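Novice: For the sequence shown, the working numbering begins at 1 and goes up steadily by one.
The beta carbon of each residue, even a glycine, is placed where N, CA and C say it ideally should be.
Since the structure is predicted, the reported quantities are computational estimates derived from the model, not experimental observations.
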Amino acid sequence: MEAARRSAIEAERTRRALARMASREGPRAQSYRPGTSPGRVADPMAATDERMDYEARMRSRVEADYAIIDEACDVIYGSDQTGSGGVCSLLGSAYADCLWWRYCAAATWAEVAEACGMSERWCRDAVSVACDAVDAYGVGRVIRGLGLAEG
1 MEAARRSAIE
11 AERTRRALAR
21 MASREGPRAQ
31 SYRPGTSPGR
41 VADPMAATDE
51 RMDYEARMRS
61 RVEADYAIID
71 EACDVIYGSD
81 QTGSGGVCSL
91 LGSAYADCLW
101 WRYCAAATWA
111 EVAEACGMSE
121 RWCRDAVSVA
131 CDAVDAYGVG
141 RVIRGLGLAE
151 G
């Protein structure tokens, strides 16, 4: 689950970097004063080219990050991610949602508590119980929603 949290943080960092780069591409106010650096030719597409190059370099990393997050979602909600498996079917949606907010959304404990409508303490305990259940049952069984009694 910590790998999913790191991946979510990295994917968000990349998204923000791309958004900052894209904001530099917008139209600028026309200046009627002579340029301050004569002889220098400015490329009006330089910012766009830089963003596109960065986006291409980061594509495989972002795809890998989202693949890790997707695997964590399988553990949390089952392989079809509808709640018919995973922690959601074993412990309930409140436990699953706490896991999702903490690890897949990389939320702080305060954000997890706000999103789930529970106290921070309850969310911390729920995440601990859910992680212990995954460790006890095994990832494969949890994804299928099988506890110890099921085959």
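Can at least three beta-carbon pairs, one atom from the region 73-84 and one from the region 114-121, be found at a separation below 8 Å?
Specialist: They do not touch, by the three-pair rule.
Novice: Kindly indicate which residue of A94, G140, E10 has the alpha-carbon position closest to the one of A67.
Specialist: The sequence position of residue 67 within the sequence shown is 67, counting from 1. Looking at the Cα atoms, E10 is the closest of the given residues.
Novice: How would you write the range of the alpha helix (DSSP H) that M52 sits in, first residue to last?
Specialist: As a position in the sequence shown, residue 52 is number 52, starting the count at 1. That run of the alpha helix (DSSP H) goes 46-77.
Novice: Tell me whether T14 sits in a helix, a strand or coil according to DSSP, three-state version.
Specialist: Sequence index remark: in the sequence shown, residue 14 carries index 14 (1-based). Helix at T14.
Novice: Restricting to Cα atoms, I'd like to know which of A64, D65, E111, V129 is closest to A96.
Specialist: Taking the first residue of the sequence shown as 1, we reach residue 96 at position 96. Ranking the options by Cα distance to A96, first place goes to V129.
Novice: State the start and end residues of the unbroken alpha helix (DSSP H) segment that holds D132.
Specialist: Residue numbering aside, residue 132 sits at position 132 when the sequence shown is read from its first letter. 120-137 is the span of the alpha helix (DSSP H), which, as asked, contains D132.
Novice: Do C104 and A158 have their beta-carbon atoms positioned less than 8 Å apart in this structure?
Specialist: This structure does not reach residue 158, given that the chain is present from 1 up to 151, and the question cannot be answered.
Novice: Would DSSP call G86 helix, strand or coil?
Specialist: The residue labelled residue 86 in the question sits at position 86 within the sequence shown. Note: G86 maps to helix in three-state DSSP.
Novice: Helix or strand or just coil, what does DSSP make of E25?
Specialist: The residue you call residue 25 lines up with position 25 of the sequence shown. Correct three-state label for E25: coil.
Novice: What is the DSSP secondary structure of A4, reduced to helix, strand or coil?
Specialist: On the sequence shown, residue 4 is found 4 positions in, with the first residue counted as 1. In this structure, A4 counts as helix in the three-state DSSP scheme.
Novice: Taking all protein chains shown into account, decide if A107 is buried (16 or more other Cβ within 10 angstroms of its Cβ) or exposed.
Specialist: Counting from 1 along the sequence shown, the entry for residue 107 is found at position 107. That one is buried.
Novice: Taking only the alpha-carbon atoms, compute the straight-line gap between V134 and A17 and give it to the nearest angstrom.
Specialist: For the purposes of this step, residue 134 is taken as the residue at position 134 of the sequence shown. For the purposes of this step, residue 17 is taken as the residue at position 17 of the sequence shown. One C-alpha to the other measures close to 34 Å.
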